[in-house]
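A short write-up of the structure that comes next.
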Amino acid sequence: MTRPAALLEELESLLGPANCPSDPEVIASYITDWTGRFEGEALAVARPADTAEVAAVIEVARSHGAVLIPQGGNTGLVGGSVPRKRRQEARPQLVLSLARLARIEEVDRLGLRLLAGAGTTLGAAQRAAAAAGLGLGIDLSARESATLGGMAATNAGGLTVFRHGSMRDRLGGIEAVLANGSVVSELSGLAKDSVGWSPAALFAGSEGTLAIFTKVMLKLVPLPRTRLVALLAYSSPRAAVEAAAAGRTGLPSLESMELTLRPGMELVTEQFDLARPVGLDEGAAAWLTLELAGEGDLLSELEHLLSAVPPLESAVATETAARSRLFSYRERHTEAVSRRGVPHKLDVAVPTRRVEELLASLSARFAREEGCELYLWGHLAESNVHVNLLGPAPEDESLDDAVVEIVTGLGGTISAEHGVGVAKARYLGSARPAANLALMAAVKAALDPGRLLNPGVLEPT
Ligand code: FAD
Ligand code: MLT
Ligand code: ZN
Numbered sequence: 002m003t004r005p006a007a008l009l010e011e012l013e014s015l016l017g018p019a020n021c022p023s024d025p026e027v028i029a030s031y032i033t034d035w036t037g038r039f040e041g042e043a044l045a046v047a048r049p050a051d052t053a054e055v056a057a058v059i060e061v062a063r064s065h066g067a068v069l070i071p072q073g074g075n076t077g078l079v080g081g082s083v084p085r086k087r088r089q090e091a092r093p094q095l096v097l098s099l100a101r102l103a104r105i106e107e108v109d110r111l112g113l114r115l116l117a118g119a120g121t122t123l124g125a126a127q128r129a130a131a132a133a134g135l136g137l138g139i140d141l142s143a144r145e146s147a148t149l150g151g152m153a154a155t156n157a158g159g160l161t162v163f164r165h166g167s168m169r170d171r172l173g174g175i176e177a178v179l180a181n182g183s184v185v186s187e188l189s190g191l192a193k194d195s196v197g198w199s200p201a202a203l204f205a206g207s208e209g210t211l212a213i214f215t216k217v218m219l220k221l222v223p224l225p226r227t228r229l230v231a232l233l234a235y236s237s238p239r240a241a242v243e244a245a246a247a248g249r250t251g252l253p254s255l256e257s258m259e260l261t262l263r264p265g266m267e268l269v270t271e272q273f274d275l276a277r278p279v280g281l282d283e284g285a286a287a288w289l290t291l292e293l294a295g296e297g298d299l300l301s302e303l304e305h306l307l308s309a310v311p312p313l314e315s316a317v318a319t320e321t322a323a324r325s326r327l328f329s330y331r332e333r334h335t336e337a338v339s340r341r342g343v344p345h346k347l348d349v350a351v352p353t354r355r356v357e358e359l360l361a362s363l364s365a366r367f368a369r370e371e372g373c374e375l376y377l378w379g380h381l382a383e384s385n386v387h388v389n390l391l392g393p394a395p396e397d398e399s400l401d402d403a404v405v406e407i408v409t410g411l412g413g414t415i416s417a418e419h420g421v422g423v424a425k426a427r428y429l430g431s432a433r434p435a436a437n438l439a440l441m442a443a444v445k446a447a448l449d450p451g452r453l454l455n456p457g458v459l460e461p462t
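Quick note: the sequence shown uses my numbering, first residue 2, plus one each step.
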């Protein structure tokens, strides 16, 4: 029997045939990423149901010299959730789907903690918390597919980082299986617990290269009683950036402050046949979408900002359906761009004082690039800009290089919230000091000496 056949046989007897498909048609959606830019080869998909089965799959893979590509909702945008091509990884690859570990185990109202399987979607966790009158303090538009394990693995950010932090800040603990099969856990739920360093903090952002999350504990926050969404249209990105500066310091209830620009607003309106948003017919070039959440008079808080930095036009919504309608112009950018083509996505952040320069430099640089469309949007509260390029072939990284050069010249980061994956591995070597890279390599070598977990991800090329 060949080694792959023996491996598959062992997986089948462990998980049952339905939970280790290898038919190319069945596994197609597991081996191609959300954007369609990254695709690899896998022998099969392993779909364990619990922590013990995850540990057993690791043992099967290890004993057959295979590698594991952990996967949650496969909404990651840096190619880290799908297998590598054969020329990049010669060993047999198995996608390790955590989607079946999707049980909400506990919502602790007193201790403000939610415990769930790592395959639980963000949306399911949000609904479980809301049923107890609480929130997670984290949100992103892929909420119905992205899983808590994937979000912890990428240190996901999203729409409410200014107020509540990124996934690393939201983690109250984890359970995870290491490459040697041992299970580490940090699930006391205690608000204060200072016995050594925290596995959750170490593994957040490790992109499936150090450990497989099997359970995730999140901190909960009270749900504010009132919410307001405002769509503010400005004549230029500069005016929007100025308003954002005023918003950061002058809006105590600020939860999200998102930037969109004219090309993206036109694309979203056209792709989804939406009503034209305020400012589009009045020549606006940039928009802020603000969400305020709190107990006080949110309208007068907003009016303060509007009189300090008046927009060209504005629309305000307080009812749930109207709020999500206004927010959808911002939220649907990712989908709109993907409908138009296979994008190169860079997710960058620069020091706040340089964000306007970033927007101007990128627009000037790509205006002269024939056949390339540039879409910029992002989480302006944190000076995090999503750079989307349509035009270059999936493997042509020359324009990605141009973006990275601009961003690093401004003192920024190559990844604000999406991670490094394989898409940015080529920039990792210069993105951190040598001593930091050596530390990362030493931790990887100690925990996963055989490079069993997600090889090629978070490794400088
Ligand atoms: P996957 O895509 O399956 O995996 C992502 C990475 O995590 C991979 O490296 C994978 O190996 C690893 N991984 C997955 N599960 C586990 C596990 N249990 N244990 C260990 N490693 C694991 N991201 C943001 O930060 N902010 C946003 O606002 C945002 N908006 C998005 C909007 C859309 C429409 C889309 C498609 C994506 C968006 N993303 C955003 C990116 C994506 O949703 C996040 O990166 C998310 O954290 C990925 O979760 P996932 O479950 O889909 O993980
Ligand atoms: C967003 O904020 O829209 C996401 O991070 C996804 C993207 O960059 O497309
Ligand atoms: Zn984002």
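Heads up, the beta-carbon is just placed ideally off N, CA and C, and yes, glycines get one too. Predicted model, so just to flag it, every value in this text is computed and none were measured.
Could you compute how far the alpha carbon of Glu296 sits from the alpha carbon of Thr319?
13 angstroms
So, helix, strand or coil for Lys86, using DSSP?
coil
Can the beta-carbon of Leu262 be found closer than 8 angstroms to that of Pro238?
yes
Taking the straight line between their C-alpha atoms, what separation do you get for Pro71 and Leu281?
42 angstroms
Lys445: first and last residue of the uninterrupted alpha helix (DSSP H) it sits in
435 to 448
Span separating the alpha-carbon of Val458 from that of Ala309
46 angstroms
List the residues that DSSP assigns as beta-bridge partners of Tyr235.
Ala287
Using CA atoms only, rank isn't needed, just tell me which of Ala447, Val317, Gly342 is closest to Ala231.
Val317
Alpha helix (DSSP H) containing Val58: first to last residue?
52 to 64
Is His165 near the ligand NAD, going by C-beta to nearest heavy atom under 7 angstroms?
With respect to small molecules bound, the structure shown includes the ligand FAD, the ligand MLT and the ligand ZN and not the ligand NAD.
Under the three-state DSSP convention, the category Ile213 falls into
strand
Go through its chain and collect everything with a Cβ distance to Ser98's Cβ below 6 angstroms, but skip five positions before and after it.
Val46, Arg48, Gln72
Could you say which of Arg114, Ser254, Val58 lies nearest to Gly190 if we only look at CA atoms?
Arg114
Using the C-alpha atoms, what's the distance from Thr36 back to Ala212?
25 angstroms
Tell whether a beta-carbon distance below 8 angstroms holds between Val129 and Arg110.
In the sequence as presented, Val is not what sits at residue 129; that position holds Ala. No, Cβ-Cβ distance for Ala129 and Arg110 is not below 8 angstroms.
Could you pull out every unbroken beta strand (DSSP E) segment of at least 3 residues lying fully inside the region 331 to 364, listed in chain order?
345 to 350
Below 8 angstroms, how does it come out for the region 412 to 427 and the region 79 to 96: are there three or more Cβ pairs, yes or no?
yes
Quick one: Cα of Leu347 to Cα of Leu9, how far?
37 angstroms
Using the Cβ count rule (16 or more neighbours within 10 Å means buried), how would you classify Ser257?
buried
With three or more C-beta pairs closer than 8 angstroms as the rule, is the region 281 to 294 touching the region 322 to 334?
yes
Gly295 in three-state terms, based on DSSP
strand
Check whether the Cβ of Glu145 sits closer than 7 angstroms to any heavy atom of the ligand MLT, and report yes or no.
no
Specify whether the region 133 to 144 and the region 160 to 179 touch according to this definition: at least 3 beta carbon pairs, one from each stretch, less than 8 angstroms apart.
yes
Candidates Ser186, Arg354, Ile28, Ala446, of which the one nearest Ala246 by Cα:
Arg354
Can you tell me whether His387 is buried or exposed? The criterion is at least 16 other CB atoms within 10 Å of its CB, across all chains shown.
buried
Indicate, with yes or no, if the ligand ZN has a heavy atom lying under 7 angstroms from the CB of Gly158.
yes
Pull up the distance between the alpha-carbon of Gly451 and that of Ile59, whole angstroms please.
12 angstroms
Assign Asp34 to one of two classes, buried (16 or more other C-beta atoms within 10 Å of its C-beta) or exposed (fewer than that).
buried
Met2 to Glu107 span [Cα, whole Å]:
Because Met2 carries a pLDDT of 47, less than 50, the predicted location of this residue cannot be relied on, and the following value inherits that uncertainty. Spanning the two alpha carbons is a distance of roughly 45 angstroms.
Where Thr121 and Thr148 are concerned, what is the direct C-alpha to C-alpha distance, given to the nearest angstrom?
5 angstroms
Cβ shell of Gly248 (< 8 angstroms), same chain only, five flanking positions each side left out
Leu255, Met258, Leu289, Leu291, Leu306, Ala382
If we ignore side chains and look at the alpha-carbon of each, how far apart do Arg4 and His65 end up?
7 angstroms
Should Glu383 be listed as close to the ligand ZN, given that the test is whether its C-beta is under 7 angstroms from any heavy atom?
no
Pick out every residue whose C-beta is nearer than 5 angstroms to a heavy atom of the ligand MLT: which are they, in chain order?
Thr335, His387
In this structure, how does DSSP classify Glu11 when only helix, strand and coil are distinguished?
helix
Return yes when the Cβ of Ser207 is within less than 8 angstroms of the Cβ of Ala154, no when it is not.
yes
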